[in-house]
Amino acid sequence: MTLDEQIQEVNDDVEELKRLINETSRSRIKQLLEVQQQKLEKELGQLKEKLQKEQQQATVQAAEKTANTLPISTHSYTKDITVYAWDQSDKFVKIYVQNLDGVGDLPKDQVECSFEKNGFHLQIQKLKNINYSLKKTHLRHDIKPEESTFRVKKDMVIVSLRKVESTNWESFLKEEKPAVLKSLPNLSKAKDNESFMNAVEEMYENGDDDTKRAIAKAWTQSREKANAFSQKQEEDSKNPDIIRTPDFTFYPPPKKN
């Protein structure tokens, strides 16, 4: 018997007792019936309270189930990529799109790049709810779409455009003005390390993007070379006869027997 059926049954008993109480003329019988009526009314109240709790619980469970089945709103939007760097070799022009934290963890189908004769379109879908787009047309020179590629790194994407001819690109796009070489400070006047660093700093501040990239690359390679040299010096400390410089290493002549 369900809870609703129990409530209906007890309620019918209460109504029957009320009828009997009204019909009887015997005071003793009436008192006994009233006592039984009170018991049934108390039981009826408990059953109704139990039913109300079950209904409330069922409502909460239904709401939770509905919430779990609803799709999560991501509120994605598209953002154009305006900051990037580019470099070139004899065969390729490379575009570096950086500061894409987590792009290396995306599924492969969420990062795509299409190529055409004079342009490309890089699309990154749902990177932290943002769709990134880098579309460039009217490149300085034509490219080979079938030999152009892209690579996804941990936090960056590198697009490689295959040149049709091994010519130097004066600029990335046709509408951009070719880079003008500016006069550089005379490094021969740098008499000490501090003067030299000041001259390099001046070159960096006054240089164009290509100059800045070249200086940054040279500085990085210099630091890597110096670190490797220091590590070798530490290893050679066990043999004081070995003399090592950043460019040459002098070993002692073999001992004669």
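If you read the sequence shown in UniProt numbering, its first letter stands for residue 1, the second for the next number, and so on.
Positions of the beta carbon are idealized from the N, C-alpha and C atoms, including for glycine.
Predicted model, so just to flag it, every value in this text is computed and none were measured.
For residue i, does the three-state DSSP call read helix, strand or coil?
i      : result
Asn99  : coil
Asn129 : coil
Ile143 : strand
Glu116 : strand
Ile158 : strand
Ile124 : strand
Asp13  : helix
Leu106 : coil
Arg26  : coil
Lys50  : helix
Asp87  : strand
Lys136 : strand
Thr59  : helix
Val164 : coil
Lys153 : coil
Lys177 : coil
Thr2   : coil
Thr78  : strand
Ile7   : helix
Under 9 Å, do residue i and residue j count as touching if we go by C-beta distance?
i      : j      : result
Leu173 : Arg213 : no
Leu161 : Ser148 : yes
Lys79  : Asn131 : yes
Gln123 : Leu106 : no
Asp4   : Leu51  : yes
Gln37  : Lys18  : yes
Gln88  : Lys144 : no
Given this structure, state the Cα-to-Cα distance separating residue i from residue j, to the nearest angstrom.
i           : j      : result
Lys136      : Glu64  : 47 Å
Val10       : Gln56  : 22 Å
Phe115      : Val159 : 10 Å
Lys39       : Thr66  : 41 Å
Asn168      : Asp90  : 7 Å
Ala85       : Glu146 : 23 Å
Asn129      : Gly119 : 26 Å
residue 276 : Val93  : Residue coverage of the chain in this structure runs from 1 to 257, which leaves residue 276 outside it and unanswerable.
Ser76       : Ile95  : 25 Å
Met1        : Gln8   : 11 Å
Lys53       : Val14  : 23 Å
Val111      : Arg151 : 10 Å
Val97       : Lys117 : 21 Å
Glu34       : Lys48  : 21 Å
Ser27       : Ile21  : 9 Å
Ser25       : Gln46  : 31 Å
Glu165      : Lys108 : 31 Å
Lys153      : His138 : 27 Å
Phe121      : Cys113 : First, the residue type needs correcting, since residue 121 is His and not Phe in the sequence shown. About 5 Å.
Ile29       : Leu44  : 22 Å
Lys42       : Gln31  : 17 Å
Is the number of C-beta pairs between the region 48–64 and the region 87–102 that are closer than 8 Å three or more? no
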